[in-house]
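Peer 1: Structure incoming, see below.
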Amino acid sequence: MKIFKALFFAALIGIAPGVFAKTIEMDVNGLVCAFCAQGIEKTLKEFPATSHVFVSLEHRIVAVELKGGQDIDDAALKKAITDAGYKLVTIRRTDEPISAIRARVSNEKAQPKADPAKHHHDGAMQDMPGMGTHE
Ligand SMILES: [Cu+2]
C-alpha cells in the first residue's frame, strides 16, 4: 500500500510542471510597428521567469509564458512596459500556453490600425530599412 502511495505522488510531481504552466496575457496600447513588438519582446525576455513572449500588433496583445512555478508581479510588468514607452491596459493570468493564445488571437478580428506617425523609436532603430514613417 505504501509503495502504491509513493508511486501515486511521484506521478503527480511528474505532471506538475504542465499543471502549473502559466501565461500572463496583457493588453498594451501604443504598439504600432514591428520595432515596437521587437522591443517589448526583448524587454520582457529580461525577466528570469519569462519562458516565451508573444506579441500581436494587430490585437495589441502581449503574452508572457512563465517558467514552471514562477511569476512576474504586476508592478514589475507595468514598470517594464511603461519604461519601454507603452501603456499597460489590462493583465490576465491564464493556464493557456502561448500557442493557444496565438491560435485564439489569429481567429479574432484585428483592431483598427494605430497611426504610426504618433510614435517614434530611438535613433538606432530609425536606421533600419522600412522605418520611413517614423519620426
Ligand atoms: Cu514602433
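For the sequence shown, the positions run 1 to 135 when UniProt numbering is used.
Cβ atoms here follow ideal geometry from the backbone N, Cα and C, with glycine treated the same way.
With distance defined between alpha-carbon atoms, name the residue in Lys-22, Val-32 and Ile-40 nearest to Thr-82.
Peer 2: Ile-40
Peer 1: Quick one: is the Cβ of Phe-54 within less than 6 angstroms of any heavy atom of ligand 1?
Peer 2: For Phe-54, the shortest separation between its Cβ and any heavy atom of ligand 1 does not lie below 6 angstroms.
Peer 1: Beta-carbon within less than 7 angstroms of Thr-43's beta-carbon, same chain only, minus the 5 sequence neighbours each way: which residues are those?
Peer 2: Ala-80 and Ala-84
Peer 1: Between the Cα of Asp-71 and those of Ala-114, Ser-106, Pro-116 and Glu-25, spot the shortest distance and give me the residue it belongs to.
Peer 2: Glu-25
Peer 1: Under 8 angstroms, with one C-beta from each stretch per pair, do the region 104 to 118 and the region 55 to 66 reach the 3-pair mark?
Peer 2: yes
Peer 1: By DSSP, does Val-105 sit in helix, in strand, or in coil?
Peer 2: helix
Peer 1: Would you kindly work out how many angstroms separate the C-alpha atoms of Gln-126 and Asn-29, rounded to a whole number?
Peer 2: With a pLDDT of only 48 at Gln-126, under the threshold of 50, the placement of this residue in the model should not be trusted, and no figure is reported.
Peer 1: Taking the alpha carbon of His-52 as the point to measure from, which residue in Ala-75, Arg-102, Ile-98 and His-119 has its own alpha carbon closest?
Peer 2: Ile-98
Peer 1: Starting from the C-beta of Tyr-86, find all residues in its chain whose C-beta is less than 8 angstroms away, skip the five residues before and the five after it, and write them out in chain order.
Peer 2: Val-28, Asn-29, Gly-30, Leu-31, Cys-36 and Ile-40
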